Amino acid sequence: MTNVDPQELAKFSELAHRWWDPESEFRPLHQINPLRLEWIDELARLKGQRALDVGCGGGILAEAMARRASHVTGIDLAARPLGVARLHALESGVENIEYREIAAEALAAEAPGRFDVVTCMEMLEHVPDPSSVVRACATLVRPGGWVFFSTLNRNPKSFLFAIIGAEYVLGLLPKGTHEYARFIRPSELARWTRESGLTLEGSKGMEYNPLTRRYRLSGDTSVNYLFACRRPA
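Residue numbers for the sequence shown follow this note's numbering, beginning at 41 and rising by one.
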């Protein structure tokens, strides 16, 4: 069976037409994209690399990486956001990018070790078995290549900030975007990466300042956090 939640697909498909509107429900993605892109590029050196974005949605990160990497593949199981991603790449003149409607596990069986860089951002908390996606990402990257994850920590603070604050008080995200039970502790994600044969090279927290309405990377992983991993050469 495919590792997917139909309700999650439907939720993001309904908003697909608003994916590239920087003032829409996807405003936080547009705001954090430069931060995560710079961190990925700083570590993995995207120039000349083949990159894969797992759970790419409408292509915000995938298209940004394509402006630096030699080729980018974006995969997702939601057809409507993929259609939006393809159209935006066409309108933007980005030619070194392709989008496929395929699960990470299926692509891992088809193309193990094909990519230099694999990203899976804000996706693990939306699937029934996130550890399966981690294993697929580890299979898809070449030896010596980089894998990046980002997700939400599971603790009282993250419930307060990521759900109550972001969805109900500040209105940064639509209500119901996240389900607290699916949040992932860094210790859990670290175990899955280790069991998948990856080495954790670094981590960052993502913080939001409601006064300046800006995000920044920090050392605080208590709410949003990112992992940088490598597959041993």
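Even for Gly, the Cβ is constructed at its ideal location relative to N, Cα and C. Computed from a predicted structure; not experimentally measured.
Spatial neighbours of residue i in its chain, beta-carbon cut-off 8 Å, leaving aside the 5 residues before and after
i, result
"Gly216", "Lys51 and Glu207"
"Arg44", "The sequence given here places Val at residue 44; Arg does not occur at that position. Excluding residues within five positions, the ones whose Cβ falls inside 8 Å are Leu117, Ala143, Val167 and Pro168."
"Ser132", "Glu103"
"Ala273", "Pro183 and Gly184"
Residue i: first and last residue of the uninterrupted beta strand (DSSP E) it sits in
i, result
"Val174", "It is not in any beta strand (DSSP E) - Val174 instead sits in the alpha helix (DSSP H) that spans Pro170 to Leu180."
"Lys244", "Thr239 to Asn249"
"Met163", "Premise fails: Met163 is in no beta strand (DSSP E) and is neither H nor E."
"Ala91", "Arg90 to Val94"
"Val112", "His111 to Asp116"
"Ala268", "Asn264 to Arg270"
"Glu138", "Ile137 to Glu141"
Sequence-distant residues of its chain with Cβ nearer than 6 Å to residue i (five each side left out)
i, result
"Ala91", "Met105, Ala109, Val112 and Val157"
"Ile142", "Ile115"
"Arg222", "Glu165"
Alpha carbon of residue i to alpha carbon of residue j, nearest angstrom
i, j, result
"Gly211", "Leu69", "14 Å"
"Pro196", "Arg120", "34 Å"
"Thr239", "Cys269", "5 Å"
"Leu127", "Gly98", "10 Å"
"Leu192", "Leu164", "9 Å"
"Ala136", "Leu229", "Note on residue identity: the sequence assigns Asn, not Ala, to residue 136. Their backbone Cα atoms lie some 31 Å apart in a straight line."
"Arg85", "Gly95", "21 Å"
"Arg256", "Leu75", "7 Å"
"Val37", "Asn73", "The displayed coordinates of the chain run from 41 to 273. Any statement about residue 37 would go beyond what the structure contains."
"Pro152", "Cys177", "9 Å"
"Ile224", "Glu48", "17 Å"
"Glu54", "Leu251", "30 Å"
"Val181", "Ile204", "36 Å"
"Arg140", "Asp260", "34 Å"
"Ser236", "Ser227", "14 Å"
"Leu77", "Leu101", "7 Å"
"Arg234", "Phe189", "13 Å"
"Trp60", "Trp232", "32 Å"
Which listed residue (the options) has its alpha carbon closest to that of residue i
i, options, result
"Arg32", "Arg107, Asp93, Gln71 and Met161", "The structure shown has nothing for residue 32, since the chain only spans 41 to 273."
"Glu241", "Ala56, Val187 and Tyr220", "Val187"
"Ala56", "Ile80, Ser190 and Ala125", "Ala125"
"Glu150", "Glu138, Glu219, Thr179 and Trp79", "Thr179"
"Arg253", "Pro214, Gln71, Thr42 and Arg234", "Gln71"
"Gly184", "Arg194, Pro214 and Gln89", "Gln89"
"Arg194", "Tyr220, Trp59 and Asn249", "Tyr220"
"Arg107", "Ala129, Leu122 and Trp79", "Ala129"
Residue interval of the alpha helix (DSSP H) (run including residue i)
i, result
"Ser258", "Note, Ser258: premise wrong, no alpha helix (DSSP H); beta strand (DSSP E) at Arg254 to Ser258."
"Phe52", "Pro46 to Glu54"
"Gly123", "Ala119 to Ser132"
"Ser227", "Pro226 to Glu235"
"Ile100", "Ile100 to Ala106"
Close-in-space but distant-in-sequence residues of the same chain around residue i (CB under 7 Å, 5 per side omitted)
i, result
"Val209", "none"
Would you call the stretch 258 to 266 in contact with the stretch 236 to 247, where contact means no fewer than 3 C-beta pairs closer than 8 Å? yes
Given 8 Å as the limit, is there contact between the stretch 129 to 146 and the stretch 196 to 210, that is, 3 or more CB pairs closer than that? no
If we count Cβ pairs, one from each stretch, closer than 8 Å, do we get three or more for the stretch 63 to 78 versus the stretch 164 to 176? no
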